[in-house]
(Lines of atoms letter the chains of each structure in order from A and count residues from 1; the text may use other names and numbers.)
(Lines give C-alpha, C1' and ligand atoms only; values in the text may rest on other atoms or scores of the structure.)
Protein backbone atom coordinates (compact mmCIF):
# COMPACT_ATOMS: atom_id res chain seq x y z
CA UNK A 1 0.00 0.00 0.00
CA UNK A 2 2.74 2.48 0.92
CA UNK A 3 4.77 1.77 -2.23
CA UNK A 4 1.68 2.18 -4.45
CA UNK A 5 0.81 5.49 -2.80
CA UNK A 6 4.34 6.82 -3.28
CA UNK A 7 4.53 5.64 -6.91
CA UNK A 8 1.84 8.14 -7.96
CA UNK A 9 4.03 11.08 -6.87
CA UNK A 10 0.89 12.92 -5.75
CA UNK A 11 1.20 15.91 -3.40
CA UNK A 12 -1.45 14.39 -1.14
CA UNK A 13 -1.45 10.75 -0.04
CA UNK A 14 -4.56 9.09 1.38
CA UNK A 15 -3.79 6.03 3.46
CA UNK A 16 -6.74 4.12 4.92
CA UNK A 17 -5.87 1.62 7.68
CA UNK A 18 -2.59 0.92 5.86
CA UNK A 19 -0.86 -0.82 8.77
CA UNK A 20 -3.81 -2.34 10.64
CA UNK A 21 -3.21 -5.95 9.52
CA UNK A 22 0.50 -5.97 10.41
CA UNK A 23 2.04 -7.51 13.50
CA UNK A 24 3.25 -4.94 16.08
CA UNK A 25 6.97 -5.07 15.16
CA UNK A 26 6.44 -4.72 11.41
CA UNK A 27 3.77 -2.10 12.05
CA UNK A 28 6.17 0.06 14.09
CA UNK A 29 8.86 -0.34 11.43
CA UNK A 30 6.42 0.76 8.73
CA UNK A 31 5.36 3.74 10.85
CA UNK A 32 9.02 4.73 11.24
CA UNK A 33 9.55 4.43 7.48
CA UNK A 34 6.46 6.52 6.79
CA UNK A 35 7.66 9.26 9.15
CA UNK A 36 11.11 9.24 7.51
CA UNK A 37 9.59 9.38 4.02
CA UNK A 38 7.28 12.21 5.01
CA UNK A 39 10.24 14.26 6.26
CA UNK A 40 12.22 13.55 3.08
CA UNK A 41 9.47 13.90 0.48
CA UNK A 42 7.45 16.58 2.30
CA UNK A 43 4.13 15.06 1.25
CA UNK A 44 0.84 15.74 2.97
CA UNK A 45 -0.51 12.43 4.25
CA UNK A 46 -4.07 11.84 5.39
CA UNK A 47 -3.80 8.68 7.48
CA UNK A 48 -7.04 7.01 8.52
CA UNK A 49 -6.82 4.71 11.52
CA UNK A 50 -8.95 3.44 14.39
CA UNK A 51 -5.81 3.12 16.54
CA UNK A 52 -5.52 6.32 18.55
CA UNK A 53 -1.96 5.55 19.65
CA UNK A 54 -0.99 5.19 15.98
CA UNK A 55 -2.70 8.48 15.12
CA UNK A 56 -0.87 10.25 17.94
CA UNK A 57 2.46 8.79 16.86
CA UNK A 58 2.09 9.66 13.18
CA UNK A 59 -0.06 12.77 13.07
CA UNK A 60 0.87 16.42 13.39
CA UNK A 61 -2.85 17.15 13.51
CA UNK A 62 -5.54 14.64 14.38
CA UNK A 63 -9.26 14.66 13.66
CA UNK A 64 -11.45 12.66 16.02
CA UNK A 65 -14.72 11.58 14.41
CA UNK A 66 -18.00 10.34 15.79
CA UNK A 67 -20.91 9.14 13.67
CA UNK A 68 -19.20 10.40 10.51
CA UNK A 69 -18.63 13.92 11.86
CA UNK A 70 -15.46 15.58 13.10
CA UNK A 71 -15.81 16.41 16.80
CA UNK A 72 -12.27 17.71 17.41
CA UNK A 73 -9.17 18.62 15.43
CA UNK A 74 -5.83 19.37 17.06
CA UNK A 75 -2.41 18.11 17.98
CA UNK A 76 -2.17 14.94 20.06
CA UNK A 77 -1.34 17.06 23.11
CA UNK A 78 -4.31 19.39 22.55
CA UNK A 79 -6.70 16.47 22.27
CA UNK A 80 -5.36 14.81 25.43
CA UNK A 81 -5.24 17.95 27.54
CA UNK A 82 -8.29 19.77 26.24
CA UNK A 83 -10.83 17.23 24.95
CA UNK A 84 -13.70 19.00 23.16
CA UNK A 85 -16.41 16.94 24.86
CA UNK A 86 -17.10 13.86 26.98
CA UNK A 87 -16.85 11.58 23.94
CA UNK A 88 -13.28 12.70 23.17
CA UNK A 89 -12.34 12.52 26.86
CA UNK A 90 -13.64 8.95 27.02
CA UNK A 91 -11.99 8.08 23.71
CA UNK A 92 -8.56 9.23 24.97
CA UNK A 93 -8.69 8.04 28.58
CA UNK A 94 -6.55 4.92 27.98
CA UNK A 95 -3.82 6.69 25.98
CA UNK A 96 -0.36 6.52 27.54
CA UNK A 97 0.12 10.24 28.13
CA UNK A 98 3.81 9.83 28.90
CA UNK A 99 4.41 8.94 25.23
CA UNK A 100 2.62 12.01 23.88
CA UNK A 101 3.04 14.96 26.25
CA UNK A 102 6.05 17.28 26.49
CA UNK A 103 7.17 19.88 29.03
CA UNK A 104 5.51 22.64 26.97
CA UNK A 105 2.14 20.94 27.40
CA UNK A 106 2.32 20.51 31.18
CA UNK A 107 4.45 23.41 32.44
CA UNK A 108 3.12 26.33 34.44
CA UNK A 109 4.09 29.57 32.71
CA UNK A 110 3.36 31.93 35.59
CA UNK A 111 6.92 31.94 36.94
CA UNK A 112 8.85 34.30 39.21
CA UNK A 113 12.17 33.95 37.40
CA UNK A 114 14.32 32.56 40.20
CA UNK A 115 13.25 28.93 39.80
CA UNK A 116 16.28 28.19 37.58
CA UNK A 117 18.83 29.94 39.81
CA UNK A 118 20.42 26.71 41.02
CA UNK A 119 22.73 24.45 39.04
CA UNK A 120 20.11 21.70 38.96
CA UNK A 121 19.11 19.83 35.84
CA UNK A 122 16.55 21.63 33.68
CA UNK A 123 14.24 20.72 30.81
CA UNK A 124 13.38 22.35 27.49
CA UNK A 125 9.81 22.82 26.20
CA UNK A 126 10.15 19.76 23.94
CA UNK A 127 11.48 17.46 26.68
CA UNK A 128 9.35 14.27 26.58
CA UNK A 129 7.08 13.70 29.56
CA UNK A 130 8.84 10.47 30.56
CA UNK A 131 12.20 12.28 30.71
CA UNK A 132 10.56 15.11 32.65
CA UNK A 133 9.44 12.60 35.29
CA UNK A 134 13.01 11.30 35.60
CA UNK A 135 14.38 14.84 36.03
CA UNK A 136 11.71 15.58 38.64
CA UNK A 137 12.84 12.56 40.64
CA UNK A 138 16.41 13.92 40.68
CA UNK A 139 15.77 17.54 41.70
CA UNK A 140 14.49 18.74 45.10
CA UNK A 141 11.99 21.23 43.63
CA UNK A 142 9.88 21.93 40.55
CA UNK A 143 11.62 21.28 37.24
CA UNK A 144 12.67 24.53 35.56
CA UNK A 145 11.89 24.67 31.82
CA UNK A 146 14.30 26.89 29.86
CA UNK A 147 14.46 27.97 26.22
CA UNK A 148 17.48 27.78 23.90
CA UNK A 149 18.97 30.91 25.52
CA UNK A 150 18.55 29.35 29.00
CA UNK A 151 15.76 31.79 29.85
CA UNK A 152 13.12 30.43 32.19
CA UNK A 153 9.83 29.84 30.35
CA UNK A 154 8.01 27.62 32.85
CA UNK A 155 8.14 25.19 35.75
CA UNK A 156 6.70 21.75 36.30
CA UNK A 157 5.90 20.82 39.91
CA UNK A 158 6.00 17.08 40.69
CA UNK A 159 2.33 17.16 41.70
CA UNK A 160 1.44 18.47 38.24
CA UNK A 161 3.28 15.55 36.60
CA UNK A 162 1.33 13.11 38.71
CA UNK A 163 -1.91 14.86 37.80
CA UNK A 164 -1.24 14.53 34.07
CA UNK A 165 -0.69 10.80 34.43
CA UNK A 166 -4.15 10.44 35.89
CA UNK A 167 -6.98 12.90 36.31
CA UNK A 168 -5.52 16.41 36.15
CA UNK A 169 -8.80 17.88 37.45
CA UNK A 170 -8.39 16.26 40.86
CA UNK A 171 -7.05 18.60 43.53
CA UNK A 172 -4.04 17.37 45.54
CA UNK A 173 -5.15 15.39 48.58
CA UNK A 174 -4.70 16.43 52.19
CA UNK A 175 -3.49 13.92 54.74
CA UNK A 176 -6.15 13.31 57.35
CA UNK A 177 -4.18 11.00 59.63
CA UNK A 178 -5.77 10.35 63.00
CA UNK A 179 -4.00 12.10 65.90
CA UNK A 180 -3.68 11.31 69.56
CA UNK A 181 -4.65 13.75 72.33
CA UNK A 182 -1.21 15.42 72.10
CA UNK A 183 -1.67 16.13 68.39
CA UNK A 184 0.81 13.49 67.16
CA UNK A 185 -0.10 11.30 64.21
CA UNK A 186 -1.32 7.83 65.08
CA UNK A 187 0.06 5.14 62.79
CA UNK A 188 -1.98 1.98 62.76
CA UNK A 189 -0.21 -1.29 62.10
CA UNK A 190 -1.90 -4.33 60.65
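Residue numbers (the working numbering): 17 to 206. Ideal placement from N, C-alpha and C gives every residue a C-beta, glycine not left out.
My parser needs the alpha helix (DSSP H) runs of 4 or more residues fully inside the segment 123 to 187; what are they? Correct list: 145 to 154 and 174 to 181.
Where residue 28 falls, given that 16 or more other Cβ within 10 Å makes a residue buried: Residue environment analysis places residue 28 among the exposed positions, since fewer than 16 neighbouring C-beta atoms fall within 10 angstroms of its C-beta.
Three-state class that DSSP yields for residue 118 in the structure shown: Strand, per DSSP.
Whole angstroms is fine: what's the gap from residue 30's alpha carbon to residue 146's? Those two C-alpha atoms are separated by around 32 Å.
Assuming residue 162 contacts residue 143 under a Cβ cut-off of 8 Å, what Cβ separation, rounded to an integer in Å, is found between them? Actually they are not in contact, since the Cβ atoms of residue 162 and residue 143 sit about 10 Å apart, beyond 8 Å.
Cα-Cα separation, residue 159 to residue 54: Rounded to the nearest angstrom, the two C-alpha atoms are 34 Å apart.
Would you kindly work out how many angstroms separate the C-alpha atoms of residue 103 and residue 90, rounded to a whole number? Cα to Cα, residue 103 sits roughly 15 Å from residue 90.
Could you check whether residue 88 and residue 118 sit closer than 8 Å to each other, using their CB atoms as the reference points? No, they are not a contact pair.
Looking at residue 111: is its Cβ nearer than 8 Å to the Cβ of residue 69? Yes; because the gap between Cβ atoms is below 8 Å, this pair is in contact.
Out of 166, 42 and 109, point me to the one whose CA is closest to residue 136's CA. If we check each option's Cα against that of residue 136, 166 comes out closest.
Same chain, Cβ closer than 8 Å to residue 64, neighbours up to 5 away in sequence not counted: These residues qualify, in order along the chain: 30, 31, 32 and 33.
Where does residue 77 fall in DSSP's three states? Coil, per DSSP.
Output yes or no for whether 8 Å exceeds the beta carbon distance between residue 127 and residue 171. Yes, they are a contact pair.
Applying the criterion that 16 or more other CB atoms from any shown protein chain within 10 Å of the CB defines a buried residue, is residue 20 buried or exposed? Classification for residue 20: exposed.
Quick check on the burial criterion: 16 or more other C-beta atoms within 10 angstroms. Buried or exposed for residue 223? Examination of residue 223 is not possible in this model, given that the chain is present from 17 through 206 alone.
Please return the same chain residues whose Cβ sits closer than 7 Å to the Cβ of residue 74, not counting the five positions on each side in sequence. Within the same chain, residue 74 has close Cβ partners 47, 50, 51 and 63.
Extent of the continuous beta strand (DSSP E) to which residue 60 belongs: Residues 60 to 64.
Backbone secondary structure at residue 67 - three-state DSSP: Note: residue 67 maps to coil in three-state DSSP.
Short check: CB of residue 180 to CB of residue 113, under 8 Å? Between residue 180 and residue 113, the C-beta gap is smaller than 8 Å, which places the two residues in contact.
Buried or exposed: which applies to residue 105, given that a residue is buried once 16 or more other Cβ atoms fall within 10 Å of its Cβ? Burial is judged here by how many other beta carbons sit within 10 angstroms of a residue's own beta carbon; residue 105 has fewer than 16 and is exposed.
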